[in-house]
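Structure first, then comments.
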Amino acid sequence: MDKRFNPIPIQEQVHLRKQAVEEVLAHPEWNLGEATRHLRTTMRLTIKEMAKVTGLSERTLRDIESGRSSGTIATAEKLLGLVGLRLSISRK
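Residue numbers (my numbering): 5 to 96.
Take a look at the structure:
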């Protein structure tokens, strides 16, 4: 958890995670960078903390959030897997 914030109880952490997922699902127009930044900031994680729990490098996360990289399918799976989501493809 980001050290700029006071620690919060587990129940509130779970609530924040659910809230972040609902908001990402409500905005299918967001690209991976926007969704990643929203998940990370809503859950009060630093880039370093998010990198640790997803297994991605800090540089990769920074590049995705800033729009310098669109990431790979494997990267998207790791980021979405953090909150229990899966990447899928569907027909329009």
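For glycine and all other residues, C-beta sits at the position ideal for the given N, C-alpha and C.
- DSSP, read as helix, strand or coil, puts leucine 29 in helix.
- Distance check between arginine 21 and each of Asn35, Trp34, Asn10 and Thr40 places Thr40 closest, using alpha-carbon atoms only.
- Taking a C-beta distance under 7 Å as the contact criterion, lysine 82 and threonine 58 qualify as a contact pair.
- Taking the Cβ atoms as the reference, isoleucine 68 lies roughly 6 Å from leucine 36, within the contact range of under 8 Å.
- Leucine 91 and isoleucine 77 do touch by the CB rule: their CB atoms are close to 7 Å apart, below 8 Å.
- The residues Ile51, in chain order, have a CB closer than 7 Å to that of arginine 66 in the same chain once the five nearest residues on each side in sequence are set aside.
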